[in-house]
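Before any comments, here is the structure.
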Amino acid sequence: MMFPERFSNLPAYAFPRLRALLDHLKPGGPVMHMTIGEPKHAFPDWVAEVIAENAAEFIKYPTNEGTPELLQAISAWIERRYGIAVPPEQVMALNGTREGLYNAAMALCPETKNGKQPIILTPNPFYQVYSVAAASVGAEARFVPATEASGHLPDFAALEPEILDRVAIAYVCSPANPQGAVASETYWRDLIALAEKHDFKVFADECYSEIYRKTPPPGALQVANEMGADPERVLIFHSLSKRSNLAGLRSGFVAGGPESIRRIRQLRNYSGAPLPLPLQRAAEKVWADETHVEENRRLYAEKFDIADDILGDVPGYTSPQAGFFLWLPVEDGERAAVKLWTETGVRVLPGAYLSRDAEGYNPGKGFIRVALVAPKDEVREALTKLRACIYG
109 MMFPERFSNL PAYAFPRLRA LLDHLKPGGP VMHMTIGEPK HAFPDWVAEV IAENAAEFIK
169 YPTNEGTPEL LQAISAWIER RYGIAVPPEQ VMALNGTREG LYNAAMALCP ETKNGKQPII
229 LTPNPFYQVY SVAAASVGAE ARFVPATEAS GHLPDFAALE PEILDRVAIA YVCSPANPQG
289 AVASETYWRD LIALAEKHDF KVFADECYSE IYRKTPPPGA LQVANEMGAD PERVLIFHSL
349 SKRSNLAGLR SGFVAGGPES IRRIRQLRNY SGAPLPLPLQ RAAEKVWADE THVEENRRLY
409 AEKFDIADDI LGDVPGYTSP QAGFFLWLPV EDGERAAVKL WTETGVRVLP GAYLSRDAEG
469 YNPGKGFIRV ALVAPKDEVR EALTKLRACI YG
């Protein structure tokens with residue numbers, strides 16, 4: 109079967125590329141994985157108990173949009189966290205945020221915008237699902253640099269008006285993966301005003317929102333509500349993967365305007381994979397609990413401090429505001445990853461694997477991404493080796 113041409117220019121996914129780069133080389137010490145953002149902290153003990161108590165419901169087909177109890181728990185969490193009332197009817201449970209980020213584009217991107225091919229904006233570096241979503245709907249993906257010069261967030265307002273008039277969707281990740289930058293209330297206000305002017309939707313990927321150092325990051329839907337923006341203008345995407353160390357539970361949600369959620373739910377009716385009912389029952393309880401989230405933040409804060417202590421005087425080092433990645437400057441990300449692997453056994457991800465060549469350069473080429481998900485003693489050992497190997 110012919111592979112659709114619109115997918116032909118997609119680069120290999122980051123982790124297969126990393127395996128091709130490193131797996132044929134011998135590690136230079138005990139292997140220490142700092143590549144993938146898979147949390148290692150403990151999740152609440154009672155999660156397994158809730159799943160077991162509701163195991164009989166595995167026999168049932170799950171509710172497509174989420175059980176009423178789960179949607180109510182999410183709605184209540186949004187109100188506690190952001191101070192806005194989003195009724196359960198304007199929420200849909202997701203099988204992880206990646207599903208939602210992809211399917212929302214499938215449901216909401218028009219075939220044309222002002223008579224032309226629509227554009228989907230994405231930061232560069234970016235979460236890879238943004239670009240494949242654009243390819244899947246036949247949109248042009250426009251990669252907008254998110255560099256130190258722009259505060260590690262994309263400056264969409266710098267684009268030409270004729271480009272902005274073709275934009276259907278703008279993806280923004282805050283806190284940003286990989287840089288850890290946080291979109292301020294002013295940033296969200298300016299972006300939402302731009303979206304109102306040029307009539308496009310903002311997809312706010314906020315899955316790292318609960319891992320922060322001091323101040324909770326403002327939410328896009330919160331700001332849109334305060335501005336009185338079109339209720340369909342902004343959709344937010346969250347999950348329990350990072351907040352609650354439950355990546356394997358695959359519980360997330362999308363919330364937004366009633367028509368947007370109606371269309372996303374309709375697509376789910378035909379093509380989606382809803383969360384099994386026992387897992388939805390567990391998710392209900394997890395969204396309602398903050399004690400484990402506070403402990404999770406405390407553990408990451410310790411590792412932020414370790415990173416600052418070891419790397420704080422490295423030229424170009426930026427201490428992340430949130431998330432759990434370090435975005436470390438190097439001369440060349442691939443060469444640095446190979447050197448680190450073959451000399452120490454520490455495994456990191458070249459920044460170029462999270463970026464795309466655009467307008468003559470790749471903004472991730474001079475970086476490596478380091479995940480602070482391991483226990484703090486392992487993080488300290490790995491960062492000490494990294495410091496000696498890469499920075500001397």
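Quick note, the numbering used here runs 108 ahead of the 1-based positions in the sequence shown. Virtual Cβ for every residue (Gly too), placed ideally from N, Cα, C.
Endpoints, beta strand (DSSP E) assigned at residue i
i      : result
His346 : 342 to 347
Ile228 : 227 to 232
Phe123 : Segment 122 to 130 is the alpha helix (DSSP H) holding Phe123; no beta strand (DSSP E) there.
Asp313 : 309 to 313
Leu434 : 433 to 437
Environment of residue i [buried if 16+ CB atoms lie within 10 Å]
i      : result
Ala328 : buried
Gly246 : exposed
Pro483 : exposed
His132 : exposed
Lys309 : buried
Phe432 : buried
Gly468 : exposed
Arg515 : The requested residue 515 is not part of the displayed model; the chain covers only 109 to 500.
Leu385 : buried
Val237 : buried
Arg358 : buried
Phe111 : Reliability fails at Phe111, whose pLDDT of 49 lies under 50, so the model's placement of it is uncertain and the value that follows must be treated cautiously. By the neighbour-count rule (16 or more Cβ atoms within 10 Å), Phe111 is not buried but exposed.
Ala284 : buried
Ile167 : exposed
Met109 : Caution is warranted here: a pLDDT of 41 is assigned to Met109, below 50, making its placement in the model unreliable, and the coordinate value is therefore given only provisionally. That one is exposed.
Coil, strand or helix - residue i by DSSP
i      : result
Arg99  : Given a span of 109 to 500 for the chain in the structure shown, any question on residue 99 remains unanswerable.
Phe264 : helix
Met142 : coil
Val252 : strand
Lys473 : coil
Tyr320 : strand
Val487 : helix
Val478 : strand
Ala444 : helix
Ala156 : helix
Leu118 : coil
Leu133 : coil
Asp298 : helix
Those residues which DSSP pairs with residue i across a bridge
i      : result
Ala466 : Tyr469
First and last residue of the uninterrupted alpha helix (DSSP H) at residue i
i      : result
Asn333 : 328 to 335
Closer than 8 Å: residue i CB and nearest the ligand FMN heavy atom
i      : result
Arg341 : No copy of the ligand FMN occurs in the structure displayed, which carries no ligand at all.
Task: Contiguous beta strand (DSSP E) assignments of at least 3 residues, all confined to the stretch 346 to 429 - done: 360 to 363
TODO: Can you check the stretch 264 to 295 for any alpha helix (DSSP H) of at least 4 residues that lies completely inside it and give the ranges in chain order?
DONE: 269 to 272
- [ ] For the stretch 167 to 247, list the alpha helix (DSSP H) runs that are entirely contained and at least 4 residues long, ordered along the chain.
- [x] 176 to 190, 205 to 216, 237 to 244
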